[in-house]
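Only one structure is covered here, and it is reproduced in the block below.
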Ligand SMILES: NC(=O)c1ccc[n+]([C@@H]2O[C@H](COP(=O)([O-])OP(=O)(O)OC[C@H]3O[C@@H](n4cnc5c(N)ncnc54)[C@H](OP(=O)(O)O)[C@@H]3O)[C@@H](O)[C@H]2O)c1
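In the numbering used here, the protein residues as written are 1203 to 1427.
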């Protein structure tokens, strides 16, 4: 896609993978809006930070109302993680994950419906868990699976959209270490990549003609497919 003077909206660019992607989009010449509840410790010049909890309809509506230009790229990236198999999860954790990771993308599509430019690109920060059906992250996997179907349902209304999905593997962020012991974290750190590297892969997907980026568990590498 052409980046120069185009407009991107990204959720959850206050830290982690989203923050790293937002820096790259600005360097490419895009005007970038970020929706999150906090701002990064180090603001990125060229990013307009809009306050929003993506799980709250009123806040998403208010934030999106401040975006005046047609949007060329929407990145549904905001997310939370709570671990546990289906019999281990409590209602509070289940509701939190579903409200941010599944309801959030729906609300973004709903309120950006009339602002997404014809042929705009959309990108999900999805997970390998939805490819592998990981059962030890029941709510998270379920939400990420639902996000794939949200794309399909939105595409019925907006077949012009160029929808992309990044199935990331382990990335060294706050989200990834949620509900992990120090021992589990140390083990996973051996294969986790840094947010900058994940953002580089996301940019490769955006620049490519491929629809998805998939982390292969066995080889610990990424493929554009
Ligand atoms: N890290 C991994 O290993 C990994 C692997 C696969 C997929 N992913 C996906 O990558 C995406 C980014 O995660 P990350 O790893 O970069 O995690 P992170 O560093 O914890 O960042 C999460 C981002 O989501 C935002 N967020 C959380 N709750 C929100 C809410 N209610 N409303 C608005 N924004 C909210 C946070 O901003 P505020 O707290 O400021 O609101 C933050 O900017 C997620 O969708 C995640 O599922 C990550």
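Beta carbons: idealized from backbone N, C-alpha and C, even for Gly.
Exercise. Is any heavy atom in ligand 1 found nearer than 8 Å to the beta carbon of residue 1378?
Worked result: Counting from 1 along the chain shown, the entry for residue 1378 is found at position 176. Yes - ligand 1 has a heavy atom lying nearer than 8 Å to the Cβ of residue 1378.
For this session: Kindly confirm or deny that the region 1288 to 1307 and the region 1367 to 1378 touch, where touching means at least three C-beta pairs closer than 8 Å.
Result: no
Exercise. Where residue 1270 and residue 1204 are concerned, what is the direct C-alpha to C-alpha distance, given to the nearest angstrom?
Worked result: Here residue 1270 refers to the residue found at position 68 of the chain shown. Here residue 1204 refers to the residue found at position 2 of the chain shown. Spanning the two alpha carbons is a distance of roughly 20 Å.
For this session: Rounded to whole angstroms, what's the CA-CA distance from residue 1324 to residue 1336? Just pull it up for me.
Result: The residue given as residue 1324 occupies position 122 in the chain shown. The residue given as residue 1336 occupies position 134 in the chain shown. Looking at the two C-alpha atoms, the distance is approximately 25 Å.
Problem set entry | Touching by the beta-carbon criterion (3+ pairs, under 8 Å), the region 1400 to 1409 and the region 1353 to 1363 | Output reads no: the region 1353 to 1363 does not touch the region 1400 to 1409.
Problem set entry | Residue(s) in a DSSP beta bridge with residue 1278 | Numbered from its first residue, the chain shown carries residue 1278 at position 76. BP columns for residue 1278 point to 1326.
Exercise. Since residue 1286 contacts residue 1340 with CB under 8 Å, what's their CB separation in whole angstroms?
Worked result: Within the chain shown, residue 1286 is the residue found at index 84, counting from 1. Within the chain shown, residue 1340 is the residue found at index 138, counting from 1. Indeed, because the Cβ distance is near 6 Å, the residues count as touching under 8 Å.
Exercise. Grouping DSSP H, G and I as helix and E and B as strand, with all else coil, what is residue 1269?
Worked result: Here residue 1269 refers to the residue found at position 67 when the chain shown is read from its first residue. Reduced to three states, the DSSP call for residue 1269 is coil.
For this session: Could you have a look at residue 1436 and say whether DSSP puts it in helix, strand or coil?
Result: Because the chain here runs from 1203 to 1427, residue 1436 falls outside it and cannot be looked at.
Exercise. Would you say the beta carbon of residue 1372 comes nearer than 8 Å to a heavy atom of ligand 1?
Worked result: Position 170 of the chain shown, counted from the start, is the residue given in the question as residue 1372. Flag set: Cβ of residue 1372 near ligand 1.
Problem set entry | Cα-Cα separation between residue 1332 and residue 1250, rounded to whole angstroms | Here the question's residue 1332 lines up with position 130 in the chain shown. Here the question's residue 1250 lines up with position 48 in the chain shown. Whole-angstrom Cα-Cα distance: 31 Å.
Exercise. Do you know how far the Cα of residue 1296 is from the Cα of residue 1412?
Worked result: As a position in the chain shown, residue 1412 is number 210, starting the count at 1. As a position in the chain shown, residue 1296 is number 94, starting the count at 1. So the alpha carbons of these two residues sit roughly 32 Å apart.
Problem set entry | Sequence-distant residues of its chain with Cβ nearer than 6 Å to residue 1279 (five each side left out) | If you number the chain shown from 1, residue 1279 lands on position 77. Closer than 6 Å at the Cβ level, and outside the excluded window around residue 1279, lie 1212, 1213, 1214, 1220, 1327.
Exercise. My guess is that residue 1248 and residue 1234 are in contact by the Cβ rule of under 8 Å, so how many angstroms apart are they, rounded?
Worked result: On the chain shown, residue 1248 is found 46 positions in, with the first residue counted as 1. On the chain shown, residue 1234 is found 32 positions in, with the first residue counted as 1. Correct: roughly 6 Å between the Cβ atoms.
Exercise. Helix, strand or coil: which one does DSSP assign to residue 1205?
Worked result: What you label residue 1205 is simply residue 3 of the chain shown in a count that begins at 1. It is coil, neither helix nor strand.
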